[in-house]
């Protein structure tokens, strides 16, 4: 095994274990903390794949914003009594079966990808000559300008929706 | 060099674990976390394809997935809090007001 393969092997085992920990912990705070470690690993994998911008976004948005949001909600709910009861639903073997079948199915199909489309123009040398941020910015603000604007509307709707849903009802 | 299929297999395994968490857990918060887990596993495969096909589309798509995930988490947790005010439980098998 070469060094990149060893590196990937570590990340794959760590991420699978962390995912299992996230979905099996009883206390939601522990789940969120394992999720934080998982997100940092995912950011490391992005760096490995030459996606520096996405690695930074992964840390800032996921670990910095979304997980903090989860922690705040856990703090606002009174979960003390929920921790003592059973953590799985009655039909959990069905869920486990579906998960295993899906994993076998996806791995047996997707693991055998051999035919790939033609390579694009963004080779590592092309990105290196311009800088990663500049390349992604150029694509984002020209080819994907309309989706970018729609994303801003989605975020606006999310802000207004969250405020309207969570505010106290005024009689 | 790490083959592309390794990344895809890792992504598939993580996605399946997320599906298991979504279907099996009773705690609504952990169900939301499982959704985030599934979105992240898809992001890994998108970035891997983007790198191996030397195209930027995968990375742009991940950017939008993260945006939508942030919006989804905010709205979902707001709905959760609004529900919890009326009926203080977050166990999905006890959320049955529409059952009649």
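Chains as they are written, first to last, in my numbering: chain L, 1 to 171; chain C, 1001 to 1100. Glycine residues also receive a C-beta, built at the ideal position from the N, C-alpha and C atoms. Model, not experiment: these values are computed from the prediction.
Taking residue 79 (chain L) as part of the alpha helix (DSSP H), name the residues at either end of that continuous run. From DSSP, residue 79 (chain L) is part of no alpha helix (DSSP H); its letter is neither H nor E.
Does the beta-carbon distance from residue 64 (chain L) to residue 1075 (chain C) come in below 7 angstroms? no
If you measure beta-carbon to beta-carbon, which residues of the segment 1070 to 1088 of chain C are closer than 9 angstroms to chain L? 1070, 1071, 1072, 1073, 1074, 1075, 1077, 1078, 1079, 1080, 1081, 1082, 1084, 1085, 1088
Name the residues in the segment 94 to 111 of chain L whose C-beta lies less than 8 angstroms from a C-beta of chain C; which are they? 94, 95, 96, 98, 99, 100, 102, 103, 106, 107, 110, 111
Is residue 132 (chain L) close to chain C, meaning its C-beta is less than 7 angstroms from at least one C-beta of that chain? no
Does DSSP classify residue 88 (chain L) as helix, strand or coil? strand
Taking 7 angstroms as the threshold (beta carbon to beta carbon), is residue 16 (chain L) in contact with chain C? yes
For my contact list, residue 1049 (chain C) and residue 1034 (chain C) are in at a C-beta cut-off of 8 angstroms; report their separation, rounded to the angstrom. No, residue 1049 (chain C) and residue 1034 (chain C) are not in contact; Cβ-Cβ is about 23 angstroms, not under 8 angstroms.
Just the C-alpha distance for residue 5 (chain L) and residue 1094 (chain C), rounded to the nearest angstrom, thanks. 46 angstroms
Short Cβ contact (7 angstroms threshold) for residue 1039 (chain C) with residue 1069 (chain C): yes
Is it true that the CB of residue 1002 (chain C) sits closer than 7 angstroms to the CB of residue 8 (chain L)? yes
Check for me: the alpha helix (DSSP H) holding residue 1059 (chain C) runs from which residue to which? 1057 to 1086
Shortest alpha-carbon distance to residue 122 (chain L) belongs to which of C:1054, C:1020, C:1043? C:1054
Just to confirm, are residue 31 (chain L) and residue 1030 (chain C) a CB contact at a threshold of 7 angstroms? yes
Output the distance between the C-alpha atoms of residue 155 (chain L) and residue 115 (chain L), rounded to the nearest integer angstrom. 37 angstroms
If you follow the alpha helix (DSSP H) that residue 143 (chain L) is part of, which residue opens it and which one closes it? Looking at the DSSP string, residue 143 (chain L) is not in any alpha helix (DSSP H), and its letter there is neither H nor E.
With distances taken Cα to Cα, identify the nearest neighbour of residue 1036 (chain C) among L:67, L:28, L:25, L:45. L:67
Residue 43 (chain L) beta carbon less than 7 angstroms from that of residue 60 (chain L): no
Cβ atoms of residue 1010 (chain C) and residue 12 (chain L): under 7 angstroms apart, would you say? yes
Which residue's Cα is closest to the Cα of residue 90 (chain L): C:1004, C:1024, C:1019? C:1024
Pair within 7 angstroms by beta-carbon distance, residue 99 (chain L) and residue 1019 (chain C): yes
State the Cα-Cα distance for the pair residue 147 (chain L) and residue 158 (chain L), rounded to the nearest angstrom. 16 angstroms
Answer with yes or no whether the minimum CB distance from residue 151 (chain L) to chain C is below 7 angstroms. yes
Rounded to whole angstroms, how far is the Cβ of residue 109 (chain L) from the Cβ of residue 50 (chain L), which I believe are closer than 8 angstroms? In fact, because the Cβ distance is near 26 angstroms, the residues do not count as touching under 8 angstroms.
Where residue 1010 (chain C) meets chain L, residues with beta-carbon distance less than 9 angstroms: 8, 11, 12, 15, 16, 45
Name the residues in the segment 48 to 74 of chain L whose C-beta lies less than 9 angstroms from a C-beta of chain C; which are they? 48, 49, 50, 51, 53, 54, 57, 58, 61, 62, 65, 66, 67, 69, 70, 72, 73, 74
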